[in-house]
Amino acid sequence: MAGDEAAVEAAPAGTAPGQAGKTGRDARRIEGWSIAWMLLALVIWGCFAFLLFADYGPEASSYQGSRSLCRGPFVEPLPQERVCRSDELRQWPSLLGILALATVATVTAAATTVYAKVLDHLAHGEEARVNPQD
2 MAGDEAAVEA APAGTAPGQA GKTGRDARRI EGWSIAWMLL ALVIWGCFAF LLFADYGPEA
62 SSYQGSRSLC RGPFVEPLPQ ERVCRSDELR QWPSLLGILA LATVATVTAA ATTVYAKVLD
122 HLAHGEEARV NPQD
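When we follow the numbering used here, the leftmost residue of the sequence shown carries the number 2, and every step to the right adds one.
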């Protein structure tokens with residue numbers, strides 16, 4: 002019992018035995034948030050890619066078969082058909098807004114992942130200082 006008290010007293014002021022456990026819990030909580038941010042970023046990037054590359058609009062028949070009248074904005078940036086210009090999500094200002102959202106979600110996911118790793122590293126360092134191996 003006296004040895005435990007000596008170990009607690011030898012630890013720096015901000016690293017009480019409960020502090021290491023709290024830091025570990027915080028690391029796991031932040032890691033959960035980082036996974037949620039990563040999934041959100043993947044969904045937004047998927048929507049962006051679909052809107053950018055997929056053909057859309059009414060079907061047009063020809064001797065080669067039928068295909069969509071409007072090509073994706075990446076393939077045909079300035080469509081000639083009036084019906085193709087009416088889909089606002091396929092226009093460049095909307096696509097750039099979705100790209101900005103995807104970038105913000107990706108940066109937030111990366112930042113929370115790094116923060117979770119740092120907290121986990123700190124928690125393991127605090128456990129080593131509080132519970133020295135003799």
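Note that the Cβ used here is the ideal one computed from N, Cα and C, for glycine as well.
Look up L52 in the DSSP assignment and say whether it is helix, strand or coil. Here DSSP, grouped into helix, strand and coil, assigns L52 to helix.
If we call anything under 7 Å between Cβ atoms a contact, is T104 one with W38? No Cβ-Cβ contact shorter than 7 Å links T104 with W38.
Who are E60's beta bridge partners in DSSP? Bridge partners of E60: S69.
Where S35 falls, given that 16 or more other Cβ within 10 Å makes a residue buried: buried
Tell me the DSSP secondary structure of E89 in three-state form. helix
Reduced DSSP secondary structure (H/G/I, E/B, other) of R83: coil
Considering Cα atoms alone, identify which of G98, G126, D27 and L90 is closest to L137. With the chain covering 2 to 135 only, the question about residue 137 has no answer from this structure.
Rounding to the nearest angstrom, what Cα-Cα distance links E77 and V115 in this structure? 39 Å
Roughly how many angstroms separate the alpha carbons of E32 and G98, rounded to a whole number? 27 Å
Please report the straight-line C-alpha distance between L120 and P59, rounded to a whole angstrom. 53 Å
Close beta carbons around F49, own chain, < 8 Å, minus the five adjacent residues each side: Excluding its 5 nearest sequence neighbours in each direction, F49 has C-beta neighbours in its own chain below 8 Å: L96, I99, L100 and A103, listed in chain order.
Top-ranked residue by Cα proximity to C85, from V108, W46, G22 and A55: A55
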